[in-house]
Amino acid sequence: MKNLISQEEYDQALARGRAEMLQPHAVEARFVIRGALLHVKFSNGLSLVLDARTVPALKGHPLSSLKNPYVTVGGDGIVFEDANLSFNLPNLLAPYLPLDLARSRVAAESGKASSIKKAHAARANGLKGGRPRKVVLATA
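Number 23 in the numbering used here belongs to position 12 of the sequence shown; there are no gaps in the numbering.
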């Protein structure tokens, strides 16, 4: 069988995965029908408890269909198989955070994304001299 990626690419992907797992991520989810409470535990010790009746993504689903949730690989999503529902945790938590905080966090994470297109654009901009230097105006 032919390898589709090189050993170096594999090692780099493995290193990225290990680094990503050092970031806080969900490790457990459970739903308590009595009280309609969704409990989410994170790798850094944080635990969240949400009333499912107030979560927009869960509204309209029978509480019995929300039992047995599980955390996705990577710890950034939750799946409710009986409800045929899945969502990522940042989207779940965003309505409960101050808007400017949620936006800045999403923007920071989006800015980390890399792609071949982004790399080509960065190289092209570098050939043009890169980002202009900040001009500091002297004040009298």
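Ideal Cβ positions, reconstructed from N, Cα and C, are used throughout, including at glycine.
DSSP, read as helix, strand or coil, puts Arg27 in helix.
Residue environment analysis places Pro80 among the buried positions, since at least 16 neighbouring C-beta atoms fall within 10 angstroms of its C-beta.
Residue Asp93 holds the alpha-carbon nearest to the alpha-carbon of Pro73 among His50, Asp93, Asn55, Thr83. Between Leu100 and Ala68, the beta carbon gap of about 11 Å keeps them out of contact (Cβ cut-off 8 Å). For Leu59, the enclosing beta strand (DSSP E) begins and ends at 58 to 62.
Ranked by how close their Cα comes to the Cα of Leu48, the residues Val38, Leu59, Ser54 have Leu59 in first place. DSSP, reduced to helix, strand and coil, places Arg45 outside both helices and strands of the structure shown, so it counts as coil. The beta-bridge partner set that DSSP reports for Leu108 is empty. Distances from the alpha-carbon of Pro35 to those of Gly46, Phe53, Arg41, Ile16 put Phe53 closest. The C-alpha of Glu39 lies about 53 Å from the C-alpha of Leu148.
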